[in-house]
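Working notes, structure below.
Rendered as structure tokens:
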């Protein structure tokens with residue numbers, strides 16, 4: 253059993269387990285699955301700056317902050333006690349393309365030649381970590397949710413605006429990967 | 071104390087995210103290059119399981135542990151779903167992470183991702199600031 257847990261989990265194990273988070277949150281406290289709201293609550297708690305969007309009782313939503321703290325804790329436990337996933341077994345074709353586009357490090361979950369403190373003050377690091385993060389935070393709030401809130405919670409509860417948002421997530425991702433990333437990786 | 075249960079659910083979710091490598095930048099690359107089924111399988115099967123669960127909850131009027139009726143609010147379409155969605159998609163492909171995985175990556179020891187998270191919080195804040203001027 254422990255040996256099985258220590259292996260990387262296939263999609264047909266991980267996907268259904270993620271799906272079960274939805275009823276778990278609903279039945280434990282009538283909470284709808286969503287993670288990007290936590291970013292809004294952090295803004296409301298720390299820097300509301302008299303912006304009406306951040307003027308609400310964030311403490312009522314503090315469960316969401318416990319939830320994301322749990323995610324970080326889970327990340328720690330999985331990495332340090334349930335075997336470090338190390339190299340990700342991705343399609344060799346993807347590796348070839350990425351090598352061609354300038355990624356060298358395939359040893360971990362993220363390429364250290366882009367995502368590391370040493371790269372933070374290079375143009376490429378700045379674009380990938382700072383600009384990328386900004387787009388994630390701005391876009392998700394503008395869209396009213398992220399992959400958890402829209403793609404999983406929204407679509408599974410038959411909300412068609414969530415389907416629209418999810419299609420746009422994918423379109424944005426495809427356009428970026430195929431037409432923009434090759435240039436960003438050369439920075 | 072009543073929030074501890076959400077901490078535990080989050081923890082389990084974080085473990086799944088790492089063990090399935092959903093938090094890997096490489097997995098997101100593979101997905102957008104259509105070179106693997108992994109991410110599609112995860113998101114797809116998660117949606118199916120969640121959908122069946124919600125239908126069961128509704129059909130059998132299952133209550134929460136506090137005996138409340140389960141409420142799921144309807145979402146109303148606005149153009150932010152489209153424009154914001156496209157912007158999020160760009161960021162998703164660049165960072166290789168959506169908000170959940172950002173937290174898991176930090177826990178996993180990639181402390182530099184705190185900068186990405188901080189930047190995402192800033193993005194959310196700027197959205198709040200500009201909200202009235204943006205098309206919705």
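Protein chains in written order, with this note's numbering: chain A, 253 to 439; chain B, 71 to 206.
Ideal Cβ positions, reconstructed from N, Cα and C, are used throughout, including at glycine.
Per-residue contacts from residue i into chain A (C-beta, under 9 Å)
{"i": "residue 201 (chain B)", "result": "303, 304, 305, 393 and 394"}
{"i": "residue 131 (chain B)", "result": "Within 9 Å Cβ-Cβ: nothing; residue 131 (chain B) doesn't reach chain A, min ~12 Å."}
Residue burial classification, residue i (beta-carbon count within 10 angstroms, cutoff 16)
{"i": "residue 129 (chain B)", "result": "exposed"}
{"i": "residue 100 (chain B)", "result": "buried"}
{"i": "residue 181 (chain B)", "result": "exposed"}
{"i": "residue 410 (chain A)", "result": "exposed"}
{"i": "residue 316 (chain A)", "result": "buried"}
{"i": "residue 137 (chain B)", "result": "exposed"}
{"i": "residue 339 (chain A)", "result": "exposed"}
{"i": "residue 311 (chain A)", "result": "exposed"}
{"i": "residue 306 (chain A)", "result": "buried"}
{"i": "residue 318 (chain A)", "result": "buried"}
Under 7 Å by beta carbon: chain B residues contacting residue i
{"i": "residue 359 (chain A)", "result": "Going along chain B, no residue has its Cβ under 7 Å from residue 359 (chain A), so there is no contact; the nearest lies around 11 Å."}
Residue of the options minimising C-alpha distance to residue i
{"i": "residue 436 (chain A)", "options": "A:391, A:376, A:413 and A:384", "result": "A:376"}
{"i": "residue 142 (chain B)", "options": "B:123, B:149 and B:153", "result": "B:123"}
{"i": "residue 135 (chain B)", "options": "A:409, A:311, A:277 and A:422", "result": "A:277"}
{"i": "residue 75 (chain B)", "options": "A:298, A:383 and A:321", "result": "A:321"}
{"i": "residue 259 (chain A)", "options": "B:79, B:86, B:81 and B:80", "result": "B:86"}
{"i": "residue 416 (chain A)", "options": "B:118, B:151, B:95 and B:72", "result": "B:151"}
{"i": "residue 125 (chain B)", "options": "B:113, B:112, B:192 and B:140", "result": "B:140"}
{"i": "residue 114 (chain B)", "options": "A:263, A:286 and A:353", "result": "A:263"}
{"i": "residue 155 (chain B)", "options": "A:379, A:402 and A:411", "result": "A:402"}
{"i": "residue 190 (chain B)", "options": "B:168, B:200, B:203 and B:108", "result": "B:168"}
{"i": "residue 345 (chain A)", "options": "B:102, B:80 and B:91", "result": "B:102"}
{"i": "residue 183 (chain B)", "options": "B:205, B:195 and B:166", "result": "B:166"}
{"i": "residue 177 (chain B)", "options": "A:363, A:343 and A:323", "result": "A:323"}
{"i": "residue 308 (chain A)", "options": "B:198, B:188 and B:127", "result": "B:198"}
{"i": "residue 132 (chain B)", "options": "A:342, A:412 and A:281", "result": "A:281"}
{"i": "residue 145 (chain B)", "options": "A:272, A:396, A:331 and A:370", "result": "A:396"}
{"i": "residue 161 (chain B)", "options": "B:116, B:203 and B:95", "result": "B:95"}
{"i": "residue 327 (chain A)", "options": "B:196, B:194, B:108 and B:171", "result": "B:171"}
Enclosing alpha helix (DSSP H) for residue i [first to last residue]
{"i": "residue 105 (chain B)", "result": "Segment: none, residue 105 (chain B) is in no alpha helix (DSSP H) and carries neither H nor E."}
{"i": "residue 162 (chain B)", "result": "150 to 165"}
{"i": "residue 426 (chain A)", "result": "412 to 427"}
{"i": "residue 175 (chain B)", "result": "169 to 177"}
{"i": "residue 196 (chain B)", "result": "183 to 200"}
{"i": "residue 379 (chain A)", "result": "Per DSSP, residue 379 (chain A) belongs to no alpha helix (DSSP H) and is neither H nor E."}
{"i": "residue 346 (chain A)", "result": "344 to 353"}
{"i": "residue 388 (chain A)", "result": "384 to 395"}
Within chain A, the residues that residue i reaches when beta carbons sit closer than 7 Å
{"i": "residue 97 (chain B)", "result": "340 and 342"}
Under the three-state DSSP convention, the category residue i falls into
{"i": "residue 139 (chain B)", "result": "strand"}
{"i": "residue 133 (chain B)", "result": "strand"}
{"i": "residue 273 (chain A)", "result": "helix"}
{"i": "residue 316 (chain A)", "result": "helix"}
{"i": "residue 359 (chain A)", "result": "coil"}
{"i": "residue 145 (chain B)", "result": "coil"}
{"i": "residue 297 (chain A)", "result": "helix"}
{"i": "residue 268 (chain A)", "result": "helix"}
{"i": "residue 71 (chain B)", "result": "coil"}
{"i": "residue 90 (chain B)", "result": "coil"}
{"i": "residue 430 (chain A)", "result": "helix"}
Residue i at chain C interface by Cβ criterion, 7 Å
{"i": "residue 253 (chain A)", "result": "In summary, chain C is missing from the structure at hand, where the protein chains are A and B."}
Within chain B, partners of residue i - CB distance below 9 Å
{"i": "residue 373 (chain A)", "result": "Result: empty, since nearest Cβ-Cβ is about 11 Å, beyond 9 Å."}
{"i": "residue 297 (chain A)", "result": "Near residue 297 (chain A) there are no residues of chain B at all, since even the closest Cβ is about 11 Å away, more than 9 Å."}
Chain-ordered chain A contacts of residue i [CB-CB under 8 Å]
{"i": "residue 147 (chain B)", "result": "412, 413 and 416"}
Closer than 8 Å at the beta carbon, the chain B residues around residue i
{"i": "residue 431 (chain A)", "result": "Those within 8 Å of residue 431 (chain A) in chain B number zero; the least Cβ separation is about 10 Å."}
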